[in-house]
Each structure stands twice: as C-alpha cells, then as structure tokens.
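Below: the structure, in structure tokens.
Numbering (the UniProt record's numbering), first residue to last: 1 to 673.
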C-alpha cells in the first residue's frame, strides 16, 4: 500500500465509521507517520464509507465524523440541476465574496450610464426603464443560469430594435406617446422572454451551431453603423430639426447629417459631445496601455465622464446655453411599479411586435451563448444552451412585469470584464443589480443636470467596440477563401443598413438555414475498392491501392444516419456515383462509367433510419430491381434492420441479400455472373 493512500483510508475509517475497538497504533512508512486501524472494515461498512466520502467530497468536506449521511433524493438532484442557485448559494464560500463584490461594483459602474443611454437614446423610453432592465433580469438569471460570469442586461442592438418598433408604432398611434412607448416595449420584452423560454423548453438550444457566425458579424456591424448615424444627430444638436423633417431609415438620416451637420449644428452641444467622446477614448486607451495595474484597468471611465459632465453642467448652467439635460426622472414608469404585461393596454400591439420579439430572442441568445461558452471554457465549467434559454426567457418574462423594461441578454464585453475583475459566481450579478437598484431609488436625482448628448457619446463608444470586430472577420474569411460566408456577411450588412435591421437578419437567416439544409440533404457516400490480395474494402478516394470492381458491381459506403432530409437526394447521388464516380462533374457531361449490374450497400456507419428514409429506400430498391440490378446490404446494425423489416425491405430483397461483410456479398455477386 502506498504511503499516500494508507493514512487517508485509516483516517476515514476511524472518523467516519468510528468502529475501532481500541486505540490504533502508529507506525512509520517511508518516514511518514500513518495511523493504522486494528482491522479492515466489513463490506457493509465499506459501502457506508463510500457514501459518506462521496457526499463529503460533493460538499467540499474531507470527513464527516460520527454521522450517517443520506444520499440526496432524485427530486433534490433535479432541483439543483434546473435551479443552479440552490446548489451554489448554500455552499457559497466567503473567500469568493471579495472578487464577486469588486466585479459586481465594476460592472454596475459601467451599466448604470450605459443602460440610461440605451433607454433614452436608442429605445426612446424613460431612463429608469434602462436601470430596471439592468437589474431585475440579472437577479432572475443569477438564480437560474448555468454560466457563472454571464451578465444579463440591455444591449445596444436589442435596444435599437425596441426603439425602431416604438417609432413605427408611434407614427400612427393615438394617445400619450410616452405611455404607448412603455406598452410597446413591455409587450415586446414579454414576447421575447416567452419565445426564449419555449425554445429552451423544447430543447432548441442547438441554434447557436446552426446559424452562421458570418450572419451575426454582419448584423453586429450593421447595428454599429445604424447606431452611429442615430447618435450623431443628438451629438450635433440636431434633434429638434430631425423631428421636424422626420428622415426615415438610416440612408435618409445619413443624408440629413451630411446636409445639416455643419450648417445647423448647435455648437455648445457638439463641443460637449465630442469632448466627452474624446475623454472616453483617451481613458480607454490608458486602461489598455496600463492594464497590468489593476487600479487603472478597473477604472469606470464611463461613470467618470458622466459624473464630471454632470458636475460641470450644474456648475456652469449648460442648460441655459441650450443643452438638453436629463432633468427630473420619475421612479415609476407607470401608475405602479408592477403591472401585468398581458393587460388590455398592451395587447393591441401584440401582432405588430411579434417579428421584432422573435429577432430579439434569437440574436440575444446567440450573443449570450457565445459569452457564456467563452467564460465556461476560461473558468472550467459547463454550459447548457437549453437551460440558458430557459433562464434568459424567465429573466425577461419577470422583467416585463415592470412597465417599459427593455429586453436583457448576455454581453460578451461585460461578462469578460466580470471575470477579469474577480467574478467567480453569479453573486457578482446579484451585487451589481443591488447597486443599480440603489442608484435607481436614491441616486438618480443627482443626474438631473446630465447632458443628454453625453449619453449619445457613451453609445458611440460602444459603436467603436462593435466596429472593431468587422475587419478581423473580413480578413479571416478572405484568408480562408470562404466566399459564401463573406457574401452572407455583406448581404446582412447591406440589407440591414439600407432597408431595415429586421429585413437584413430575416433574409440572411433564411439563406443561412437553406445552406444548412442544402449541405445536410446530401448523404455522405463513397465508393469502396478491394485492397489487392485481401478481403478488405476501402474508400478509393482515400486509399490509392484500393481497386474498384471492374465487372459492373458498385460498392457504396453510406457514412451517416439516414433521415427524411438526406435520403431525399439518395437516388440522385447514387446515379451520379454510378455514372461519373467520385469525381466532380457537370450533369451535361457524358457518363464516364457503365451502369452497375450489382449494388452493394456498406452500412456500418448507419446507426439509425427514420420512417421516411426507409420508405424512400424501399422505392429506390424497387427501381433498381426493375432494372435487373442485384442489391445487397452489409454490416447492417440491429436498429436499421428492424426498420427495414417494418418497411418490408427485408421481405422484398430476401434474407440472402443481407450479408455480414462486403466480401460475403461479393462472393455471391461473382457466383451469379
């Protein structure tokens, strides 16, 4: 017995079972003192010991003295699985509190001005709606989410989508514009939450691997350009003129800026706006240059600019010079803090906001799952996409009970900062939400003199981060010669900017899904040839020594499971292999091969066949039999064999057509010639 294992076993028996009849003796093994029990435990005692030690290890305890620990029930395990907070909160270590507190405070300092900016400048709502959106969803996600660092709050792109649907509804809506805007935002957030929740409930979390990364990159770049155009209007002090002329769409707004920015701008507003933007850029460059110093890296540059500009605005009365300031902000967004989202006031806007809600739920989830998986790989914990969808959906459903809240999803930037600042559990999100709520109820009046143009400058800083990713994506696709991905990226960007964000994403989504279906609809097959002097059959495109049968027999290996999607083109794929081989050719070319007299299917890689595939296979066999082609199936697994039997294929071909190996099938083919 090794010196390392002996003491640990002895101590476990002594402490956990407490069955030693006498004082154990001490001996020395390789110079290490070990406590040796007087007797080995019985088999029942060993079983009890394993239960004790497994539970002790699960909860971080090295030993459990004098107690019999019960295994957690199945229900308790399910609760801990579906509600992760019930597992980590009771066992939370105070040693993590310092890092979580610092991370939560840092993220809150960035989120407070950002969420106010998103609500006022992008979503056209009250500032307090952004603050509630940055706090309430984060609390709910912290209880249900599987990521330990993901921060859930409003995003620039999603807030812009809310702003666009609010603007569309307000063009022909009657009543108080502020009330209508709150109702539109509420019903959109509720629908986005329900859609996300249902997608997770029916286990569609694989969406992140189906939708193209090029699509997401083109959308993000388009959002950055649209946001920049939107925010340059208040930064030049042209908000009143824009309301009067009412340019629609990003192209018209860009033309509006070109025509009026230099001739009609409000000079004090422009000076404050671009000074604030310059200060933000300089502070961020300093942080990047000296990031090895933690006290510099963690400086909340956005909060610093907000506080300084608010102080200067109050001291020098910038509002008297024509600058628009935040002014008084009511804590309540409606008649009460809580209101049922499915109220009669919100329902009239249900149909007009559904498409936007679908887009928000899909794009929000993609951004969230990328951020969650990055941090999961970095800090060594697993992520469940389906449970992430449920958690994000529940967070938005819960937030929609506060009128006017914006959709909240995960952010790559905030989540990375959360981890960099020491956040190791969702306690950081709870702390961040607590700080934001404290600001909402007690500190918001201090921002009375905050210039609104500074909020636009803050959003422009976010635009720089979004645009910074585009050149890397373009260069990568050029290096990889991925012309389809590059085209999809530019198509998404062009349609989103010129027409509408929804138009660009919907068209690109359809194209992306069609590409996936197109690629998956072609069953992977190859032609096998014999290795000379053996009974081994290998793919002729992978083994130069493999020689194809020259007597008219075609041996095809199907290299994936068969379903309704890929079996639909099975007949065409077999015809091309039969007439042209494995080399690529155009259908207009003359056939290079003679039609096969025998066809052998190697199906070792086929583990499952669905009913539609079996039906198509039956029709295919009937056509080949009508041509007089001999058909054989080898290496067939039990599951596909049962499906063939139910579909009548075994009865149609006969038992002799099903052989264990290709060699056995070819022996029958050679005899029948």
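Ideal Cβ positions, reconstructed from N, Cα and C, are used throughout, including at glycine.
Could you check the C-alpha separation between residue 494 and residue 98 for me, to the nearest Å? Counted from its first residue, the chain shown places residue 494 at position 494. Counted from its first residue, the chain shown places residue 98 at position 98. Taking the straight line from one Cα to the other gives about 46 Å.
Decide yes or no for the touch test of the region 642-660 against the region 611-618: beta carbon pairs closer than 8 Å, at least 3 of them. yes
Quick one: measure Cβ to Cβ for residue 702 and residue 277, integer angstroms, because I've assumed they're closer than 8 Å. Beyond the ends of the chain as shown, which are 1 and 673, falls residue 702; an answer cannot be given.
Report back the beta-carbon spacing between residue 539 and residue 526 to the nearest angstrom; my notes put them in contact at under 8 Å. Sequence index remark: in the chain shown, residue 539 carries index 539 (1-based). Sequence index remark: in the chain shown, residue 526 carries index 526 (1-based). Right, the Cβ-Cβ distance comes to about 4 Å (below 8 Å), so this counts as a contact.
With DSSP as the reference, label residue 407 as helix, strand or coil. Counting from one through the chain shown, the residue named residue 407 turns up at place 407. It is coil, neither helix nor strand.
Helix, strand or coil at residue 553 [DSSP, three-state]: Position 553 of the chain shown, counted from the first residue, corresponds to residue 553. Strand, per DSSP.
Local Cβ density within 10 Å of residue 485, reported as buried at 16 or more and exposed below that: Start at 1 with the first residue of the chain shown, and residue 485 comes out as number 485. Residue 485 is buried by the Cβ-count criterion.
Going by DSSP, which residues form a beta bridge with residue 537? Residue mapping note: residue 537 aligns to position 537 of the chain shown, counting from 1. Its beta-bridge partners are 530.
By a C-beta neighbour count over all protein chains shown, 10 Å radius and 16 as the cutoff for buried, is residue 76 buried or exposed? Against the chain shown, residue 76 aligns to sequence position 76. Exposed, by the Cβ-count rule.
For the candidate residues 322, 464, 597 and 393, whose alpha-carbon lies nearest to that of residue 222? Numbered from its first residue, the chain shown carries residue 222 at position 222. It is 464.
What is the DSSP secondary structure of residue 292, counted as helix, strand or coil? The count along the chain shown starts at 1 and reaches residue 292 at position 292. Three-state DSSP puts residue 292 in coil, outside helix and strand.
Please identify the residue among 606, 462 and 662 whose C-alpha is closest to the C-alpha of residue 598. The residue labelled residue 598 in the question sits at position 598 within the chain shown. Selected option, being the one with the closest Cα: 662.
For the putative contact between residue 636 and residue 603, defined by C-beta atoms under 8 Å, what is the C-beta separation to the nearest angstrom? As a first step, residue 636 must be located in the chain shown, where it is residue number 636. As a first step, residue 603 must be located in the chain shown, where it is residue number 603. Indeed they touch by this definition, with Cβ atoms about 5 Å apart.
Coil, strand or helix - residue 329 by DSSP: Sequence index remark: in the chain shown, residue 329 carries index 329 (1-based). Residue 329 falls in the coil class under three-state DSSP.
Starting from the N-terminal side, write out each stretch of the alpha helix (DSSP H) that is 4 residues or longer and does not extend beyond the region 362-425. 385-399 and 412-420
Which residues in the same chain have their Cβ closer than 6 Å to the Cβ of residue 46, if we skip the five residues on either side of it in sequence? Here residue 46 corresponds to residue number 46 of the chain shown, with the count starting at 1. Only weak support is given to the placement of residue 46: the predicted model assigns it a pLDDT of 42, under 50, and the value that follows is read from those uncertain coordinates. Contacts found: none.
Backbone secondary structure at residue 451 - three-state DSSP: For the purposes of this step, residue 451 is taken as the residue at position 451 of the chain shown. Reduced to three states, the DSSP call for residue 451 is strand.
For residue 404 versus residue 194, is the C-beta spacing smaller than 9 Å? As a working note, residue 404 is residue 404 in the chain shown. As a working note, residue 194 is residue 194 in the chain shown. Going by C-beta atoms, residue 404 is not nearer than 9 Å to residue 194.
Within a Cβ cutoff of 7 Å, which residues of the same chain sit near residue 441, ignoring the five residues on either side of it in sequence? Working through the chain shown from its first residue, we reach residue 441 at position 441. Counting only Cβ-Cβ distances below 7 Å, and skipping sequence neighbours, we find 331.
Cα-Cα separation between residue 73 and residue 144, rounded to whole angstroms: Locating residue 73 in the chain shown gives position 73, counting from the first residue. Locating residue 144 in the chain shown gives position 144, counting from the first residue. If you take the alpha carbons of residue 73 and residue 144, they lie about 20 Å apart.
Starting from residue 264, trace the alpha helix (DSSP H) both ways and give me its first and last residue. Position 264 of the chain shown, counted from the first residue, corresponds to residue 264. Per DSSP, residue 264 belongs to the alpha helix (DSSP H) from 249-264.
Please check the pair residue 488 and residue 214, which I expect to be a contact at CB under 8 Å, by giving their CB distance rounded to whole angstroms. Residue 488 sits at position 488 when you count from the first residue of the chain shown. Residue 214 sits at position 214 when you count from the first residue of the chain shown. Right, their Cβ atoms sit about 5 Å apart.
Determine, using beta-carbon pairs with one atom in the region 428-448 and one in the region 157-170, whether at least three such pairs fall under 8 Å. no
Nearest-angstrom Cα separation, counted from residue 386 out to residue 289: Within the chain shown, residue 289 is the residue found at index 289, counting from 1. Within the chain shown, residue 386 is the residue found at index 386, counting from 1. Distance between the alpha carbons of residue 289 and residue 386: 39 Å.
When you compare only the Cα positions, how much space is there between residue 668 and residue 473? Reading the chain shown from its first residue, position 668 is the one you call residue 668. Reading the chain shown from its first residue, position 473 is the one you call residue 473. Whole-angstrom Cα-Cα distance: 56 Å.
Where in the region 427-474 do unbroken runs of the alpha helix (DSSP H), each at least 4 residues long, occur, reported from the N-terminal end onward? 427-438
Helix, strand or coil for residue 185 per DSSP? The residue labelled residue 185 in the question sits at position 185 within the chain shown. Residue state, collapsed to three classes: helix.
Considering only the alpha carbon of each residue, which of 523, 542 and 548 lies closest to residue 532? As a position in the chain shown, residue 532 is number 532, starting the count at 1. Minimum Cα distance to residue 532 is reached at 548.
Boundaries (first-last residue) of the alpha helix (DSSP H) holding residue 624: The residue given as residue 624 occupies position 624 in the chain shown. Start and end: 611-626.
Alpha carbon to alpha carbon, how far is residue 436 from residue 105? Give it in angstroms, no decimals. Counted from its first residue, the chain shown places residue 105 at position 105. Counted from its first residue, the chain shown places residue 436 at position 436. If I take the Cα positions, the gap works out to 9 Å.
What are the boundary residues of the alpha helix (DSSP H) that residue 129 is part of? Position 129 of the chain shown, counted from the start, is the residue given in the question as residue 129. In this chain, the alpha helix (DSSP H) harbouring residue 129 covers 127-144.
Inspect the CB distances between the region 302-322 and the region 108-127 and report whether three or more fall short of 8 Å. At 8 Å Cβ cutoff, the stretches touch.
Buried or exposed, going by whether 16 or more other CB atoms sit within 10 Å of the CB of residue 25? Within the chain shown, numbered from 1, the residue matching residue 25 stands at position 25. Low per-residue confidence applies at residue 25: pLDDT is 39, beneath 50, and the placement is therefore not dependable, though the value from the model is reported in the following sentence. Residue 25 is exposed by the Cβ-count criterion.
In terms of residues, what are the limits of the beta strand (DSSP E) holding residue 633? Residue 633 sits at position 633 when you count from the first residue of the chain shown. The continuous beta strand (DSSP E) containing residue 633 extends over residues 630-634.
I'd like to know whether the C-beta atoms of residue 431 and residue 101 end up nearer to each other than 9 Å. For the purposes of this step, residue 431 is taken as the residue at position 431 of the chain shown. For the purposes of this step, residue 101 is taken as the residue at position 101 of the chain shown. Less than 9 Å separates the beta-carbon of residue 431 from that of residue 101.
What are the partner residues of residue 228, as DSSP defines its beta bridges? The residue given as residue 228 occupies position 228 in the chain shown. Answer is none; residue 228 lacks a bridge partner.
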